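*Asks:* Residue numbers (my numbering): 421 to 633.
Where is the CB? At the ideal position from N, CA and C, for every residue including glycine.
Keep in mind the model is a prediction, meaning the values are calculated, not measured.
Have a look at this one.
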């Protein structure tokens, strides 16, 4: 009888332990991100957002600029990303947007404890048929036209913004050649030809600029 009681006690103990273990170990939800954030959830460069759907609507976005391992003050640009499955079609869409006379108003501020500080931005302006020169954007923030500028491939890929099996093109409204790591606020408004951007399914892109090695 003692042996039987011992066996019953062992069986009950094992059952209790099994219940405790099964309750403490649960499978993660199917939609829980493992390595990469969803693009629309990212708050650090590089990141994408949907463009404002309405004319004259100002977009305000706060984001972080982390220092890069090889550059404490990395270059960044504010522009758009186009994606698609056909290389020629995406390239044609980018060329059309460059010629579309899109006008944006772009303001960038560095957020500090003592208050915000305006960041000077530049843009590329065509001189003649082939040459382009950097031009400082005035205090009114008006950026006339988009221009081609390549994003840093490695950081785009690590953020999940380099579409696998698809092609992408980047265009810029403005850029900074050296941006101190920290917190920033972007104010963006499309004042002319916003519909051309929407028709091309363009997304706002803030990214590190590709640096030639």
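Under the rule that 16 or more other beta-carbon atoms within 10 Å means buried, what is residue 572, buried or exposed?
*Replies:* buried
*Asks:* From which residue to which residue does the beta strand (DSSP E) around residue 479 run?
*Replies:* 479-485
*Asks:* Below 8 Å between beta carbons: does that hold for residue 399 and residue 561?
*Replies:* Here the chain covers residues 421 to 633 and nothing more, so residue 399 does not appear.
*Asks:* Would you tell me roughly how many angstroms separate the C-alpha atoms of residue 448 and residue 535, rounded to the nearest one?
*Replies:* The pLDDT assigned to residue 448 is 36, lower than 50, so where the model puts this residue is not dependable, and the model offers no usable value.
*Asks:* Do you know how far the Cα of residue 588 is from the Cα of residue 488?
*Replies:* 23 Å
*Asks:* Could you spell out where the alpha helix (DSSP H) holding residue 516 opens and where it closes?
*Replies:* 507-518
*Asks:* Between the Cα of residue 545 and the Cα atoms of 496, 576, 575, 564, which residue gives the shortest distance?
*Replies:* Taking each of 496, 576, 575, 564 in turn and checking the Cα distance to residue 545, the smallest one comes out for 564.
*Asks:* If you pair each beta-carbon of the region 460-468 with each one of the region 477-487, do three or more pairs fall below 8 Å?
*Replies:* yes
*Asks:* Do residue 495 and residue 595 have their C-beta atoms within less than 8 Å of each other?
*Replies:* The beta carbons of residue 495 and residue 595 sit closer together than 8 Å.
*Asks:* Which residues in the same chain have their Cβ closer than 8 Å to the Cβ of residue 537, if we skip the five residues on either side of it in sequence?
*Replies:* 529, 530
*Asks:* Distance check for residue 547 and residue 553, CA to CA, integer angstroms please.
*Replies:* 7 Å
*Asks:* Over what stretch of residues does the alpha helix (DSSP H) that includes residue 618 continue unbroken?
*Replies:* For residue 618, the enclosing alpha helix (DSSP H) stretches over residues 614-619.
*Asks:* In the DSSP assignment, find the beta strand (DSSP E) that holds residue 555 and state where it starts and stops.
*Replies:* Taken as a continuous stretch (DSSP letters only), the beta strand (DSSP E) holding residue 555 covers 551-556.
*Asks:* Going by the DSSP bridge assignment, what does residue 529 pair with across the sheet?
*Replies:* 538, 605
*Asks:* Quick one, are the C-beta atoms of residue 503 and residue 583 less than 8 Å apart?
*Replies:* yes
*Asks:* How long is the line joining the alpha carbons of residue 522 and residue 569, rounded to whole angstroms?
*Replies:* Going by the C-alpha atoms only, they are around 16 Å apart.
*Asks:* DSSP on residue 597, reduced to helix/strand/coil?
*Replies:* coil
*Asks:* Who does residue 499 pair with in a DSSP beta bridge?
*Replies:* 592, 625
*Asks:* CB residue 499 to CB residue 591, shorter than 8 Å?
*Replies:* yes
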